[in-house]
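Below is one structure; the comments refer to it alone.
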Amino acid sequence: MATHDPRPIGNTDLHVHPVGLGCMGMSEFYGPAMDEDAAVELIHQALERGVNHFDTAEMYGIGHNEALLGRALRDRRDGLVIATKFGPLRDRETGEFTGVDGSRDNVRRASDGSLERLGTTIDLYYLHRMDPATPIETTAEAVAELVEEGKVRSFGLSEAGPETIRRAHAVLPLTAVQTEYSLFSRGVESGVLPVCRELGITLVAYSPLGRGLLTGRFDRESRPDGEGEFRQGGSQPRFAEGNYERNLALVETVKEVAGRHGVTPAQVALAWVLGRGQEVVSIPGTTKLENLESNLGALDVSLTDEDRETLEGLGELVAGERYNEYGMQAVEE
Ligand code: ATR
């Protein structure tokens, strides 16, 4: 069983609860933004239950998500790890993505905005996607300046491959690498996770619930759709016609394991991620207190070797890439 003990992250003296809170869905991508008061209340409820790792990004709601977190955590700063990310650029009017900028100028611009919206220092500052036009060393040096200035405590990369991780780490030691990691997304195991282990970098697993698929909440009749829903085949091939049905069939295996323990499929999916090692922590996203509580309950689930064997093959069977072609170009594995 994964213990409830806080896990140290990277090279720092910071510790995080193994189950953090991914805040993206409070602002966009999984339907309309939450009511702001309700979002602040949910963050406070998470704090009360021991969650101390909150993950946001400049691009989530183009500043909206950071401002929300800043409002919720104002005056409750002690012992928290507030993580945000920079790099991707968006058109403010249309929300369209216009590129990634890891240059020093953009590090300065983005961090000024994030610090202002969060109203506090940044514990973990990630380059959200790699910028092919800027050497990672340049970005690392720019973040090192922020560390020297006391604005940022530590550095991370999101969706970076092993080579980039090594190069960045040589300039400014990385605290965390964030990537999608779940029963359905195991790509990280071949290169990124071993390098993280070697260098003492924490792996922060985002979408540990397969963007909700692994929770068993979706079926053929109730698929994610509607305004602001990014989990459509065009953006997310795993939700595309055909792939979606095949992936739902795989979730039956997760339900079977959940049935053996009398727990939920979401708890099994999360317990599996948390059982990968002390250097792995998770940031499931939720907008609901009952789901937050259920996710925290994953720490009480003890998967057996037999369970792990049953679940082992799912990653290879999953239908569809993590992102569409444009999105996949922006991730390194
Ligand atoms: P991401 O990291 O991208 O947020 P994720 O953590 O894999 O992705 O999954 C998030 C999705 O799972 C959200 O749609 C969330 O919906 P709610 O906001 O309605 O909770 C859903 N989710 C999270 N925890 C869940 C749980 N315990 N049971 C069912 N659905 C859950």
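Each residue of the sequence shown is one higher than the one before, starting from 67 at the first, in the working numbering. Every residue, glycine too, gets a C-beta built ideally from N, C-alpha and C. Remember, predicted model here, so these are calculated numbers, not experimental data.
Residues of its chain near residue i, where Cβ-Cβ distance is below 6 angstroms and the 5 sequence neighbours each way are ignored
i    : result
R312 : A385
D373 : V323
G165 : L155
I267 : G76, L240 and V243
A364 : Q333, L336 and A337
Nearest candidate by alpha-carbon position, reference residue i, set the options
i    : options                   : result
T122 : A149, G97 and G292        : A149
Y192 : R304, T164, K151 and G185 : K151
G145 : E399, E203 and L113       : L113
V317 : V117, T281 and Q302       : T281
M125 : G116, F95, P198 and N118  : F95
L269 : V237, L190, G299 and D197 : L190
L336 : E246, L314 and E398       : E246
E287 : P274, G300, F305 and V347 : F305
L369 : I109, N390 and W338       : W338
A265 : H327, D291 and G222       : According to the sequence shown, residue 265 is Leu rather than Ala. Closest by alpha carbon: G222.
K217 : R175, V261 and I231       : R175
P331 : S169, L377 and S93        : L377
L340 : T78, L249, Q111 and F163  : L249
D157 : A138, G127 and G168       : G127
A236 : T204, P350 and L108       : T204
E295 : E307, R277, D285 and N309 : R277
T78  : F163, E345 and G161       : E345
H110 : L212, E359, P98 and G161  : E359
Y389 : S348, S301, V254 and G325 : S301
As assigned by DSSP and simplified to three states, the class of residue i
i    : result
E207 : helix
P201 : coil
P331 : helix
V213 : helix
I231 : helix
F305 : helix
S251 : strand
T160 : coil
P260 : helix
T370 : coil
A123 : coil
I148 : strand
R73  : strand
L80  : coil
G386 : coil
G363 : helix
Contact test: residue i Cβ vs ligand 1 heavy atom, cutoff 7 angstroms
i    : result
G292 : no
T352 : yes
L275 : yes
T281 : yes
N131 : no
I109 : no
G76  : no
G179 : no
P272 : At residue 272 the sequence reads Tyr, which differs from the Pro that was named. Because some heavy atom of ligand 1 lies under 7 angstroms away, the Cβ of Y272 counts as near it: yes.
A99  : no
A332 : yes
G381 : no
N361 : yes
N357 : yes
Y389 : no
G88  : yes
Y96  : yes
G278 : yes
G91  : yes
Cross-strand partners of residue i (DSSP beta bridge)
i    : result
N295 : In the sequence as presented, Asn is not what sits at residue 295; that position holds Glu. Answer is Y96.
L240 : F221
A245 : Correcting the residue type first, residue 245 is Thr in the shown sequence and not Ala. Answer is A271, bridged to T245.
I188 : V218
G351 : G88
H130 : Paired residue(s): none; H130 is not in a bridge.
G165 : L155
V346 : L269
L193 : F152 and L223
Contact set for residue i: own chain, Cβ-Cβ below 7 angstroms, skip 5 residues either direction
i    : result
R140 : G185
T132 : Here the sequence assigns Glu to residue 132, which means Thr is not the residue at that position. So the qualifying residues of the chain are T122, E124, T150, S180, R183 and L184.
H83  : P72, G116, V117, N118 and H119
E387 : P303 and M394
Near ligand 3: residue i beta-carbon under 7 angstroms from a heavy atom
i    : result
S288 : In terms of ligand content, the structure shown lacks ligand 3 and carries ligand 1 instead.
Close beta carbons around residue i, own chain, < 8 angstroms, minus the five adjacent residues each side
i    : result
R195 : G153, P154, V166, S224, E225, A396 and V397
V258 : A226, G227, P228, I231, V243, T245, L269 and E399
L87  : I109, A112, V117, H119, F120, D121, I349, P350, G351, T352 and L358
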